[in-house]
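Accompanying notes for the structure given below.
Residue numbers (the working numbering): 60 to 248.
Written as structure tokens, this is what we have:
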């Protein structure tokens, strides 16, 4: 029963990461054109054409706002990763869940950050108790590890005391999660 619940928790984490990990294009431009030709049967030579164009666009987030959000994430989640890791982040944006962000950079990839005691507690429990999870490093309130569901690994760093979690989904067929953790500087071992 315990393993079934833990497996469900990993599946829930994976679902949350997939749902939150959608790339957001800040340069959205949509153009809709409608055209209709109608011919009256009473007057075979007359026709009317209606055409309308609607254009919606949203302005991209300013560079200053983007930089401010990366700085906010780096300050808030500083107990999870070294400064060098956060220096590798280029973009951050809220991901639709309160107090959480999706951030990415070419060297570090895409990470999800969560400021939630419940998320931190449940994720730490999954890392410690699920047979398909491994704790790579645990010191004090900080836990670094990974969980696998199928060929998807979720790299996780948790600060239980502060209620902070960061996660990245990777293909365990292509990348060894323990090696990736070390490569990112998230653990020494």
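Backbone N, C-alpha and C fix where the C-beta goes; we use that ideal spot for every residue, glycine too.
Predicted model only: the values in this text are computed from it and were never measured.
| Asked | Found |
| --- | --- |
| Residue 163 and residue 139 closer than 9 angstroms at C-beta | no |
| Close Cβ partners of residue 154 (< 7 angstroms) along its chain, the five nearest in sequence each way excluded | 79, 160, 161 and 171 |
| Extent of the continuous beta strand (DSSP E) to which residue 170 belongs | 168-174 |
| Neighbour-count burial assignment, residue 247, 16 or more Cβ in a 10 Å radius | exposed |
| Span of the beta strand (DSSP E), counted from its first residue to its last, around residue 140 | No beta strand (DSSP E) contains residue 140, which DSSP labels as neither H nor E. |
| Option nearest residue 132 by Cα separation, candidates 225, 235 and 179 | 225 |
| Ordered list of beta strand (DSSP E) runs contained in the stretch 188-238, each at least 3 residues | 192-198, 201-208, 211-218 and 223-230 |
| Which residues DSSP lists as bridging residue 150, in chain order | 163 |
| CA-to-CA distance, residue 128 to residue 151, given in whole angstroms | 6 angstroms |
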